[in-house]
Amino acid sequence: MRKKNIELKTGITAIDLITPSHHSKQGIDIYLPSCCVGVYALDPKTKKIDAILAKETILATGGVGEVYLHTTNPSDARGDGIAMAYRAGARIMNMEYIQFHPTALYVPGEKRFLISEALRGAGGARILNGNFQPFLSELAPRDVVSRAMFNEMLHSSADHLWLDISHQSKQWLMERFPAIYRTCLDKGFDLSQEPIPIVPAAHYNCGGIAVDLKGRTTLQRLRAIGEVSCTGLHGANRLASTSLLEGLVWAHTAAEEIWEGWKDRDDYFPPIEEWQMSSESVDPALIRQDWMTIKQTMWNYVGLIRDQSRLRRALKMLRELQWEIDSFYEKGEPTAELIGLRNGILTALLITQGAWRNRSSLGCHYRIS
Ligand SMILES: Cc1cc2nc3c(=O)[nH]c(=O)nc-3n(C[C@H](O)[C@H](O)[C@H](O)COP(=O)(O)OP(=O)(O)OC[C@H]3O[C@@H](n4cnc5c(N)ncnc54)[C@H](O)[C@@H]3O)c2cc1C
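Per this note's numbering, the sequence shown starts with residue 419, numbered consecutively.
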């Protein structure tokens, strides 16, 4: 078996898939099937965009939560892989099925921190409204609890609700939930003494790039694994902890199949066009404001409870914004922030279009009209 050197490149941002449609050989135009031969990626240290060629490209860029005002996801979970695959012509599906987690710690200006549902399940914690009154059934499923919270916040104009487990002792909390107890304490909240501020938050994308059991997408030589993919495993509403199963199993079957066919693979790559660099600097105020518009629009109109008029508004606003973003993206110097914004607006639109087209409430997609 021939040894392969694997080079890890960290800190780079993939921008777009390389999908040549045709090439010329000895003066004859040869048209290629929809096929991916690598990615263009930005190295922020050199500020250069390189074409990274690959016999097989695998997208594993994670979730989409950053397009919402509140999310448990890391800050680069803005659907980059989904946006890249969509632009390249791959099939994207079930984008309207966004799962929200009911309890994330709410501290203005800071990232939301996930508070486990076990605090309610095992610890008897209660979710309270602005008057510190219980208003929902604690042990209902995630989507039902999150929707009740969203409605309560909407109708009382509250920024957040409360989670109260102060009937448990400090010792009990330290033994059962040490990380949560300490993190809350660091932020100034002692769970054993007082209710803590919470909001529901976008948590998981059940949809994504359509793949088969080997992670193959509808484009040749392009696979997707993990949260960026839609395997069908989650149906319309993911069960807790199944994402790790999806990540591991699909990564394994995809790698196995690639390895089996590796030695018979064609090493030929068609000539690749160099990236045309643009150089205008982009005002960071535009990027900041556009993100705020995306997050607020998605939260209020395409969040936990969707209806026709909210979705119509969202589509109109997001399409206009996409036009603006695309026009300064074309001229702007590529940075990770600009690339992320271009992907974020497309991801937001894909979710909204999915939610608009699908009029039936199912799982975590809930429409009242
Ligand atoms: C707070 C929290 C708790 C969770 N708890 C559980 C749990 O208990 N059990 C469970 O099963 N699941 C849980 N999940 C879900 C699960 O963790 C995720 O679905 C899973 O980690 C996704 O893995 P992934 O490899 O697909 O993506 P990630 O782990 O998100 O990795 C994506 C990677 O792609 C990189 N990337 C993104 N865009 C680009 C780009 N353009 N160019 C280059 N790199 C890029 C990112 O930097 C990141 O390194 C939890 C999620 C969160 C947020």
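For each residue, glycine too, the CB sits at the ideal point set by N, CA and C.
Put E698 into one of helix, strand or coil per three-state DSSP.
-> strand
So which of R565, D468, R496 and L764 has the shortest CA-CA distance to Y504?
-> L764
Candidates L537, G480 and G456: which alpha carbon is nearest I470's?
-> G456
Pick out whichever of N549, T715 and G633 has its Cα sitting closest to the Cα of R731.
-> T715
Return yes when at least one heavy atom of ligand 1 lies under 7 Å from the C-beta of I786, else no.
-> no
Under the criterion of a Cβ to heavy atom distance below 7 Å, does D494 qualify as lining ligand 1?
-> yes
Does the pairing of the region 524 to 532 with the region 665 to 673 give three or more beta-carbon distances under 8 Å?
-> no
Leaving out five residues before and five after T770 in sequence, what residues of the same chain have Cβ atoms less than 7 Å from its Cβ?
-> V720, L729, A732, L733 and L736
V617 - containing beta strand (DSSP E), residue span | I614 to N623
Look up Q517 in the DSSP assignment and give the residues it is bridged to.
-> Y622
Rounded separation between G542 and I583 - CA only | 7 Å
Sort I743, G750, G633 and E691 by Cα distance to L666 and report the nearest one.
-> G633
DSSP state of I786 mapped onto helix, strand, coil = coil
Considering only the beta carbon of each residue, do V629 and T660 sit closer than 8 Å?
-> no
Decide if G626 is buried, meaning its Cβ has at least 16 other Cβ atoms within 10 Å, or exposed.
-> buried
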